[in-house]
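Visitor: Going by this note's numbering, the first residue of the sequence shown is number 1098, and it counts up by one from there.
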Amino acid sequence: MISGFLQGMKYAFSGFSLITKKGIRPFVLIPLIINIAVFSLAIWLASSQFESLMNYLTGWLPSWMPDFIRTGLEWILWPLFAILILIAVYYTFTIIANLIAAPFNSILAERVEQKLKGLPITEQKGFKAMMATLGKTMGSEVRKVVYMLKWVPLLLLISIIPVINFISPFAWAIYGAWMLSLQYTDFAMGNHQLFIKEELPLLRKNRSMALGFGGVLTVLMMIPFVNFFVMPVGVAGGTRYWVESLSKH
1098 MISGFLQGMK YAFSGFSLIT KKGIRPFVLI PLIINIAVFS LAIWLASSQF
1148 ESLMNYLTGW LPSWMPDFIR TGLEWILWPL FAILILIAVY YTFTIIANLI
1198 AAPFNSILAE RVEQKLKGLP ITEQKGFKAM MATLGKTMGS EVRKVVYMLK
1248 WVPLLLLISI IPVINFISPF AWAIYGAWML SLQYTDFAMG NHQLFIKEEL
1298 PLLRKNRSMA LGFGGVLTVL MMIPFVNFFV MPVGVAGGTR YWVESLSKH
């Protein structure tokens, strides 16, 4: 389990070096620009609404509780709720960014796979090919979003129930890691006509590796300015994950 988790982490970090490779850099530009625009909005929203959201979450503590206990609990819960807010806000904007950039991410994954396999990196696709890619990737993105949304009501319920909401940041973190793993391996697998029904069993065969991969991306996603690079890094790292591990099963 630990070795799988660490291997997943390595795949995520490898995305940084992959996006700087010769022949890959031109295909990183558009996803990077889209991610910068979307995450700039996410950072602004998180910073402007952070205090009110924190007051709402800590407001669930009972009013009859002695002040010293309430203060102690707030001190303990503050970092957990802060993580919860960041994950919820940034993960929502990650979905939006990937919906917008889906066809470009699919092309980036294709070029990274060519690089990893030592194949010639093909030129940019023409308009008709881009439209075909758009239809395929957008359909895949919609199916992923539907799958992701199935778990949101339960997570929201955990987040608002007093006492139980103590575990909500951990639940959101695991959820985020799993979904980001699915999100960023999907582009490479989708290029091989694999979609969510085929992708989930592959990821489940080594859950720890998937969680290690998605866990790193979750942490990077919450670091201002570093999160600008999460999308292309995730696509590149997810492609290596597919080539070296998932495609072998």
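Glycine is no exception: its CB is placed at the ideal position from the N, C-alpha and C atoms.
Remember, it's a predicted structure, so these values are computed and weren't measured experimentally.
Using C-beta distances below 6 Å, list every residue in its chain close to TYR1108, excluding the 5 sequence neighbours before and after it, in chain order.
Guide: Here the set comprises PHE1310, GLY1334, ARG1337 and TYR1338.
Visitor: Pull up the distance between the alpha-carbon of SER1278 and that of LEU1291, whole angstroms please.
Guide: Rounded to whole angstroms, SER1278 to LEU1291 spans 15 Å at the Cα level.
Visitor: For the alpha helix (DSSP H) containing MET1098, name the first residue and the last one.
Guide: Where MET1098 is concerned, there is no enclosing alpha helix (DSSP H), given that its DSSP letter is neither H nor E.
Visitor: Taking 8 Å as the threshold, find out whether the segment 1138-1150 comes into contact with the segment 1182-1193 through three or more Cβ pairs.
Guide: Judged by Cβ distances under 8 Å, the segment 1138-1150 makes contact with the segment 1182-1193, as three or more pairs qualify.
Visitor: When the Cα atoms are used, what is the spatial distance from GLY1112 to GLY1331?
Guide: Cα to Cα, GLY1112 sits roughly 6 Å from GLY1331.
Visitor: Assuming the contact rule is C-beta atoms closer than 8 Å, ASP1283 and SER1344 should be a hit. Round their C-beta distance to whole Å, please.
Guide: About 13 Å separates the two Cβ atoms, so there is no contact after all.
Visitor: Hey, could you find the ends of the alpha helix (DSSP H) PHE1310 is sitting in?
Guide: Residues 1304-1318.
Visitor: Based on Cα-Cα distance, which residue from VAL1243, LEU1252 and PHE1322 lies nearest to LEU1181?
Guide: The option with the nearest alpha carbon to LEU1181 is LEU1252.
Visitor: Rounded to the nearest angstrom, how far is the Cβ of VAL1340 from that of GLU1210, given a contact under 8 Å?
Guide: So it is a contact: roughly 6 Å between Cβ atoms.
Visitor: Are the beta-carbon atoms belonging to GLY1105 and ALA1307 less than 9 Å from one another?
Guide: Taking 9 Å as the Cβ cut-off, GLY1105 and ALA1307 qualify as a contacting pair.
Visitor: Under the three-state reduction of DSSP, which class applies to ILE1127: helix, strand or coil?
Guide: The answer is helix: DSSP assigns ILE1127 an H, G or I state.
Visitor: Out of PHE1326, SER1342 and PRO1298, which has the shortest C-alpha to C-alpha gap to VAL1125?
Guide: Among PHE1326, SER1342 and PRO1298, the Cα nearest to that of VAL1125 is on PHE1326.
Visitor: So what does DSSP say about THR1117, is it helix, strand or coil?
Guide: THR1117 falls in the coil class under three-state DSSP.
Visitor: Quick one: give me the first and last residue of the alpha helix (DSSP H) that LEU1351 is part of.
Guide: Because the chain spans 1098 through 1346 in this model, residue 1351 falls outside it and cannot be assessed.
Visitor: Taking the alpha helix (DSSP H) that LYS1294 falls in, what are its first and last residues?
Guide: Run containing LYS1294: 1293-1301, per the alpha helix (DSSP H) assignment.
Visitor: In angstroms, rounded to a whole number, what distance separates the CA positions of ILE1116 and PRO1200?
Guide: Computed Cα separation, rounded: 17 Å.
Visitor: Take the Cβ of ARG1301 as the centre, count every other Cβ of all protein chains shown within 10 Å, and call the residue buried at 16 or more, exposed below.
Guide: Exposed, since its Cβ has fewer than 16 Cβ neighbours within 10 Å.
Visitor: Between which two residues does the alpha helix (DSSP H) containing LEU1252 stretch?
Guide: 1249-1257 is the extent of the alpha helix (DSSP H) around LEU1252.
Visitor: Classify GLU1295: buried if its beta carbon has 16 or more other beta carbons within 10 angstroms, exposed otherwise.
Guide: Its Cβ having fewer than 16 others within 10 Å, GLU1295 is exposed.
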